[in-house]
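Quick note, the sequence shown lines up with residues 14 to 437 if you use the numbering used here.
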Amino acid sequence: MLDLLIQNAALPDGRCHMSVAVRGGKIVEVTAALNAPALQTVDAQGFLLSPPFVDAHFHMDATLSYGLPRVNQSGTLLEGIALWGELKPLLTQQALVERALAYCDWAVAKGLLAIRTHVDVCDARLLAVDALLHVKRQVAPYIDLQLVAFPQDGVLRAPGALDQLKRALDQGVDVVGGIPHFERTMADGAASVKLLCEIAAERGLRVDMHCDESDDPQSRHVETLAFETQRLGLCGRVTGSHLTSMHSMDNYYVSKLIALMAEAQLHAVANPLINITLQGRHDSYPKRRGMTRVPELLAAGINVAFGHDCVMDPWYSLGSGDMLEVAHMGLHVAQMTSQSAMRQCFDAVTVNAARVMGLENYGLAAGCNADFVLLQARDPVEALRLRANRLKVFRRGVLLAESAPASTQLHLVGRPVQTSFQTR
Ligand code: FE2
């Protein structure tokens, strides 16, 4: 007897009329048109069953704080950092936990079941670290939350930051973060990359650095990150996040850099909603888009994910935890409009992001965790086009969330009342 049987589902790889059988929280079989006794059977009606959405880059300590204590007037990254600095002394553990838990509720509703969040360690109290470690334990039954020790004000630039980062790792934060472009000099930035990668290597941890999040074509910290990754034997365990300077770099240099990144098996995370919002702010016209070179990185065999980065915080006033919105923006900014490129964008918020986080047993295959989302769309491209409704969200074979199908009643003159679903 199965616990759960999903029938008549389309899968992201293009297979249709598929059945997914679940027992004991695991997928036991994925096959065409299976009929077997199950405690619960769901007719997917030909809609798309996807592994859950994964956000490889987020800031849960800042989320849902928009307007506190004021709004970012210039819209720049630097004013956002200054604004976060004003908010930090006012934070309370309770407020941090409440906002993070509220966001996690939004995430589950959107089928987003794994999130890598950076947590600011530039605070002697480590208030946000305590809060998010608490949240991680609390949401563990429904969300895989991975924490990155993020020295927002620079591990070398901010007094006490190195010690605080190490304390955060001692307390159970999973990944080593950094922000080399915010250190005082290019040399300090390079030194911070070296130092932080060494800490990760000593402790057997992964690395995820905000790296060259600027429009400066001369920024060279991605190169250093790739070098240190190889030197310390961290290949496949290091992520460069943002990498927006690559948008503005000289093409000749980039042709060398991408090869170095591939050699080091770096993962790359672009954050389309935030990159298009924050970058190019110092330009008149033309204004640079600022997102890193996603199609070129993918073509070189580099694993690229899209992250949400911010939702209603000092850097970004919008967002709802919808990774389809993230991918939708990503495909526009990168002009990834072919059928295959749009599917790559869907992968960037599912399988590629899972690879960044190192999630085990992720996917729609026998032996994987029975975690999936049923979308009101026939395929990944339609899911992107509609930012499709999440009909049902399952984790370990248990229903976590469900939404009524999105539909509109049309009352048009001279025609009978009809229902529009906007799906093919
Ligand atoms: Fe970020």
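Cβ coordinates follow ideal geometry from the N, Cα and C atoms, glycine included.
First and last residue of the uninterrupted beta strand (DSSP E) at residue i
i	result
glutamate 42	39-45
arginine 36	31-36
phenylalanine 71	66-71
cysteine 117	Per DSSP, cysteine 117 belongs to no beta strand (DSSP E); it is in the alpha helix (DSSP H), 106-122.
serine 101	At residue 101 the sequence reads lysine, which differs from the serine that was named. No beta strand (DSSP E) holds lysine 101; DSSP gives it neither H nor E.
Reference residue i; option with closest CA among the options
i	options	result
histidine 341	Leu331, Lys300, Ile315, Leu286	Leu286
leucine 139	Cys117, Lys101, Gln151	Lys101
leucine 125	Leu425, Arg408, Gly98, Leu423	Arg408
methionine 14	Cys29, Ala22, Ser227, Val41	Val41
leucine 387	Arg233, Arg437, Ala122	Ala122
alanine 200	Arg170, Val188, Glu226	Arg170
glutamate 395	Asp16, Ile19, Gly27	Gly27
proline 172	Ser333, Leu81, Val134, Leu91	Val134
cysteine 381	Gln243, Cys29, Asn21, Arg36	Arg36
valine 362	Glu111, Leu218, Asp322, Arg302	Asp322
threonine 54	Pro25, Lys405, Thr432, Thr436	Lys405
leucine 291	Leu377, Gly167, Val251, Leu256	Leu256
isoleucine 192	Ala162, Val186, His223	His223
serine 227	Leu52, Arg301, Ser32	Arg301
glutamine 231	Val206, Pro418, His194	His194
Bounding residues of the alpha helix (DSSP H) (the contiguous stretch that carries residue i)
i	result
alanine 281	Taken as a continuous stretch (DSSP letters only), alanine 281 belongs to no alpha helix (DSSP H), being part of the beta strand (DSSP E) at 280-283.
histidine 341	336-346
asparagine 316	Where asparagine 316 is concerned, there is no enclosing alpha helix (DSSP H), although the beta strand (DSSP E) it sits in stretches over 316-319.
valine 438	A question about residue 438 goes unanswered here, because the residues of the chain that appear run from 14 up to 437.
glycine 202	199-216
leucine 425	Taken as a continuous stretch (DSSP letters only), leucine 425 belongs to no alpha helix (DSSP H), as it is neither H nor E.
Beta-carbon gap between residue i and residue j smaller than 8 Å
i	j	result
phenylalanine 385	leucine 62	yes
leucine 270	valine 235	yes
threonine 148	leucine 103	The sequence given here has valine at residue 148, not threonine. In this structure, leucine 103 does not lie closer than 8 Å to valine 148 by Cβ.
proline 64	valine 364	yes
serine 416	phenylalanine 434	no
alanine 23	glycine 59	yes
asparagine 284	glycine 320	yes
tryptophan 97	alanine 75	yes
alanine 120	glycine 334	yes
leucine 145	glutamine 184	no
alanine 203	threonine 237	yes
threonine 305	methionine 336	no
histidine 131	histidine 72	yes
leucine 182	arginine 219	no
valine 324	leucine 77	yes
Distance between residue j and residue i (C-alpha atoms, nearest Å)
i	j	result
glutamate 196	tyrosine 155	37 Å
alanine 354	aspartate 68	19 Å
glutamate 338	histidine 345	11 Å
tyrosine 329	histidine 295	17 Å
proline 327	glutamine 389	33 Å
glutamine 177	leucine 208	14 Å
aspartate 229	leucine 47	55 Å
alanine 366	alanine 401	19 Å
methionine 274	isoleucine 94	28 Å
methionine 370	alanine 281	12 Å
phenylalanine 240	aspartate 221	15 Å
aspartate 118	arginine 403	14 Å
leucine 247	aspartate 143	28 Å
arginine 83	leucine 160	27 Å
alanine 277	serine 254	15 Å
serine 87	glycine 410	46 Å
tyrosine 116	leucine 81	17 Å
asparagine 21	threonine 432	23 Å
tyrosine 79	alanine 34	43 Å
methionine 349	glutamate 211	36 Å
glutamate 99	leucine 91	13 Å
proline 299	glycine 293	9 Å
threonine 89	arginine 391	39 Å
alanine 214	leucine 245	7 Å
alanine 49	aspartate 56	13 Å
valine 251	tyrosine 375	19 Å
phenylalanine 66	aspartate 157	11 Å
leucine 311	valine 317	6 Å
Contact test: residue i Cβ vs the ligand FE2 heavy atom, cutoff 7 Å
i	result
histidine 194	no
histidine 131	yes
aspartate 74	no
serine 433	no
serine 330	no
serine 254	yes
aspartate 458	This structure does not reach residue 458, given that the chain is present from 14 up to 437, and the question cannot be answered.
histidine 234	no
histidine 345	no
histidine 280	no
histidine 147	no
histidine 70	yes
histidine 223	yes
Minimum Cβ-Cβ distance from residue i to chain B less than 8 Å
i	result
alanine 275	Looking for chain B here will not work: only one protein chain is present.
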